[in-house]
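When we follow this note's numbering, the leftmost residue of the sequence shown carries the number 51, and every step to the right adds one.
In what follows, a structure is listed as C-alpha cells, so that the remarks can point back to it.
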Amino acid sequence: MSDDGKRADPSVEDGSFDPAPHAFATKEVASSDASNVDDVVYDAAEEKRLLRKIDWLLLPILTSLYLLSFLDRSNIGNAKIEGIVDDIRLRDYPTATSLFFVGYVVFEVPANLLLKRYSIDGPAAVLAIWTFLFGIVSMCQGFVRTTAEMYVVRLLLGATEAGLFPGIVWTFSFWYRRDERVLRVSLFFGAAAAAGSLGGILAFGLTRMDGLLGHHGWQYLFWIEGAFTALVGILAWFLIPKWPAHARALTQREREVIVHRLSRDSDATDTEKFEWSAVKLALKDPHVYLYALLFHGFAFPLYTYSLSLPSIIAGIDPTFKPWQSQLLTIPPYAFAFVYVITTAWVSQKYVKRRAPFIIGNGFLAILGYIVLITSPTVAGKYTATFIAAAGIYGANGLLLAWPSENVQGQLRRAVSLAFQISGGNCASIIGTQLYRIPLGTIPNKSYRISHIFTIIWLLFGISAASALWILLARHNRRLDERIAERRARGQVVDESKAWREEWRYQT
C-alpha cells in the first residue's frame with residue numbers, strides 16, 4: 051500500500067507496528083467473531099452534515115480557549131513596550147518569560163494524565179477548570195510589584211496552561227477520523243495567530259486607559275484579558291460536549307454514525323482504562339522522542355516570535371511609538387492565520403502528506419529571518435515578519451497534529467502529545483533567554499544574533515521532520531510486506547477489525 055493510505059502507530063517497542071495479531075484471524079474465527087458495532091448505513095451527504103455539526107460543537111469553544119491561553123501567555127510582550135519593565139523594576143524580563151515555560155514543561159505530562167483519568171464522561175470539567183485558573187493567574191500579573199512576584203506568577207501561569215493544548219488535540223481524536231484531524235488542529239492552532247492580531251488590537255485599546263484611577267495601562271491589559279478568560283472558563287464547563295456516545299447535542303442516529311465511522315478508523319471507540327504500562331510503552335517509543343525533537347526545533351521560533359514581535363517591530367524603526375508598534379503586529383498575525391488554514395487544507399485534501407509541508411514551511415521561516423537580518427529598509431524588515439510568521443505558524447499547525455494521527459492507544463496518545471509539547475517548550479526556555487539586548491557582552495542590535503539562533507533551531511526542526519519522514523515511510527513499506535505475506539498464507543481479515551490492516555503512518 052502507498053504511504054498516503056490510512057495511517058497507524060507502532061504497538062511494539064522498536065517502533066515497527068504489526069497489525070496482524072489484531073486484524074487477522076483464521077477463516078473460522080473471522081466467521082464467528084462479529085463486530086461489536088452494528089452496521090450503520092449512511093451516505094456521504096449525511097456524513098458531511100454531521101461533520102459540520104461536530105465542527106460547530108467543538109471548534110468555536112475549544113479554539114476560544116486556546117486563543118485566550120495564547121493571549122494570556124504572550125501579552126507580557128505588549129506590556130513590555132508599555133513600560134512594565136521600568137514600572138516594577140523588572141530586573142530580567144527574559145527570565146520572566148522563560149519561567150512560564152518551566153511551569154509548562156514540568157506539568158505537561160501530569161496534566162494530560164489527569165485529563166485521561168478524570169474525563170470519563172467528557173473533558174469539559176477538566177478543561178474548564180484549567181481555563182478558569184489560568185485566567186485568574188493571568189489577572190494576577192496586573193498586581194505584581196516586584197521581580198520576584200512576577201517570576202512566581204509566570205511560573206504558575208505556565209503550570210495552569212500546561213494541559214490545555216495537548217488535551218484539546220487529544221479530545222479531537224475521539225470525534226474525528228485520523229485524516230480529518232490535521233485541518234481541525236490547524237484551525238484550532240490558527241487561534242495562536244489570531245491571538246497575535248487580537249492581542250495587538252486589545253493592547254492598543256486597553257493601554258489607552260493608562261493613568262485611569264492611578265493605574266498603568268499594562269495593568270488593565272492583564273486584568274481585563276485575564277478576567278474575560280476566567281469567565282469563558284466557566285462557560286466552557288457547559289459548552290464543551292461529552293464524548294460522542296453521550297453528547298446531548300446529538301441525536302441517537304448521529305451518535306450511531308459517529309461511533310460507527312470512528313470504530314472503522316481508529317481506537318477512539320475502545321474502552322481503555324488508565325494503566326501505567328501504557329505510559330511506559332509511550333515513553334519507550336522512539337517516535338515519541340522524534341516528535342518532541344521536531345517541536346523543539348519549531349517551538350523556539352514560535353514563542354520567541356510571539357513574545358518578541360512588538361519589540362522586534364519597535365526596533366525596526368526607532369521613531370515608532372508604542373501604540374504604532376502594537377498596531378503593526380496585527381497584519382503579520384492575520385496573514386499567518388490565513389496561511390495556516392490554507393496550508394492544512396492543501397496538505398489534507400490534495401497532497402496527503404505532512405512532512406514536505408513542515409520542511410517547506412521551515413525553509414520559508416528561515417527566509418523571513420534572513421531578510422529580517424539583512425534588509426536595509428524598514429519596509430523590507432517589516433515584510434520579513436510576514437514571511438517568518440507564515441513559515442512558523444504553518445509548520446507548527448501541521449506538526450502538532452502529526453502525533454494524533456500516528457500514535458495508537460488513547461493513553462499513549464495523550465502521553466505522546468504532552469511529551470511533544472514538553473520537549474518543544476524546553477526550546478522556548480532557551481529561546482526566551484537568547485532574545486535579550488544586549489546578549490551578554492554582544493550588542494545584539496535589533497535581535498540580529500538572536501535571529502541567527504532561531505535559524506539554527508529551525509534547521510534542527512527541519513532535520514527532525516526529515517528523519518521522521520524517512521523512518522515512517524520505511525515502516526510503511528514493512529507493513530505492506532507483512533500484510534502481503536499473511537495474505538499469501540491464506541489468512542483473512544476479521545471484519546470487525548479490518549481497518550487495522552489498512553493502518554499506515556501518515557508521512
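No residue lacks a Cβ here, since even glycine has one placed at the ideal position from N, Cα and C.
Bear in mind the structure is a predicted one, so any value in this text is a computation, not a measurement.
Simplified DSSP assignment, three categories, for residue i
i: I179; result: helix
i: I487; result: coil
i: I134; result: helix
i: I479; result: helix
i: I391; result: helix
i: I492; result: strand
i: P173; result: coil
i: E552; result: coil
i: F469; result: helix
i: D89; result: coil
i: K103; result: helix
i: A299; result: coil
i: R463; result: helix
i: W452; result: helix
i: K98; result: helix
i: K330; result: helix
i: Q577; result: As shown, the chain starts at 51 and ends at 557. That puts residue 577 outside it, with no answer to give.
i: V457; result: coil
i: T557; result: coil
i: T113; result: helix
i: Q541; result: coil
Residue interval of the alpha helix (DSSP H) (run including residue i)
i: Q579; result: Any answer about residue 579 is impossible in this case: the structure gives the chain only from 51 up to 557.
i: V338; result: P336 to I366
i: F278; result: G267 to L289
i: Y443; result: V428 to L449
i: K166; result: Y143 to R167
i: Q376; result: P372 to L378
i: R231; result: R228 to L256
i: M259; result: Element bounds for M259: n/a, residue is neither H nor E.
i: T210; result: T197 to E211
i: L140; result: No alpha helix (DSSP H) contains L140, which DSSP labels as neither H nor E.
i: H501; result: R498 to A538
i: F215; result: L214 to F222
i: F413; result: A405 to T424
Residue i versus residue j - alpha carbon distance
i: G249; j: S361; result: 14 angstroms
i: A349; j: I409; result: 14 angstroms
i: S356; j: S124; result: 6 angstroms
i: I520; j: T113; result: 32 angstroms
i: R403; j: Q556; result: 7 angstroms
i: L467; j: A332; result: 10 angstroms
i: H501; j: H296; result: 49 angstroms
i: G217; j: R298; result: 21 angstroms
i: E306; j: I391; result: 30 angstroms
i: V159; j: I512; result: 25 angstroms
i: V558; j: P453; result: Nothing can be reported for residue 558, as the shown portion of the chain is limited to 51 through 557.
i: F387; j: G261; result: 34 angstroms
i: E230; j: E552; result: 16 angstroms
i: L461; j: L163; result: 8 angstroms
i: P144; j: Y485; result: 7 angstroms
i: L207; j: W180; result: 10 angstroms
i: D83; j: Q398; result: Because D83 sits at a pLDDT of 33, beneath the cut-off of 50, its placement in the model cannot be relied upon, and the point is left open.
i: W287; j: A434; result: 41 angstroms
i: L109; j: V235; result: 9 angstroms
i: T427; j: Q470; result: 38 angstroms
i: L359; j: G127; result: 8 angstroms
i: T491; j: I499; result: 12 angstroms
i: A515; j: I111; result: 31 angstroms
i: H346; j: G447; result: 14 angstroms
i: R537; j: R524; result: 20 angstroms
i: G540; j: N526; result: 22 angstroms
i: A245; j: L121; result: 5 angstroms
i: V90; j: H310; result: 7 angstroms
Own chain, CB closer than 6 angstroms to residue i, minus 5 neighbours either side, in chain order
i: S148; result: I479, T482 and Q483
i: A161; result: A212 and G213
i: N86; result: Legend: pLDDT at N86 = 45, less than 50; position of this residue unreliable, no value from coordinates given.
i: W268; result: A129, E132 and I134
i: I505; result: I416 and Y419
i: S496; result: G365
Cut-off 7 angstroms between Cβ atoms - residues of its own chain near residue i, not counting five sequence neighbours on either side
i: I380; result: S247, G250 and I251
i: V194; result: I138, M200 and V203
i: Y154; result: G208, E211, A212 and N475
i: K431; result: I366, L422 and S425
i: A440; result: F385, A386, Y389 and L414
C-beta neighbour in chain B for residue i, strict 8 angstroms
i: T197; result: Protein chain content of the structure displayed is limited to a single chain, and chain B is not contained in it.
Neighbourhood of residue i by C-beta distance below 8 angstroms, restricted to the same chain and skipping five residues each side
i: E78; result: At E78, the pLDDT of 34 sits below 50, so the modelled position is not reliable; the number obtained from the coordinates is stated separately. Result list for E78: empty, nothing under 8 angstroms.
Closer than 7 angstroms: residue i CB and nearest the ligand SAM heavy atom
i: A174; result: In the structure on display, the ligand SAM does not appear, and there are no ligands present to speak of.
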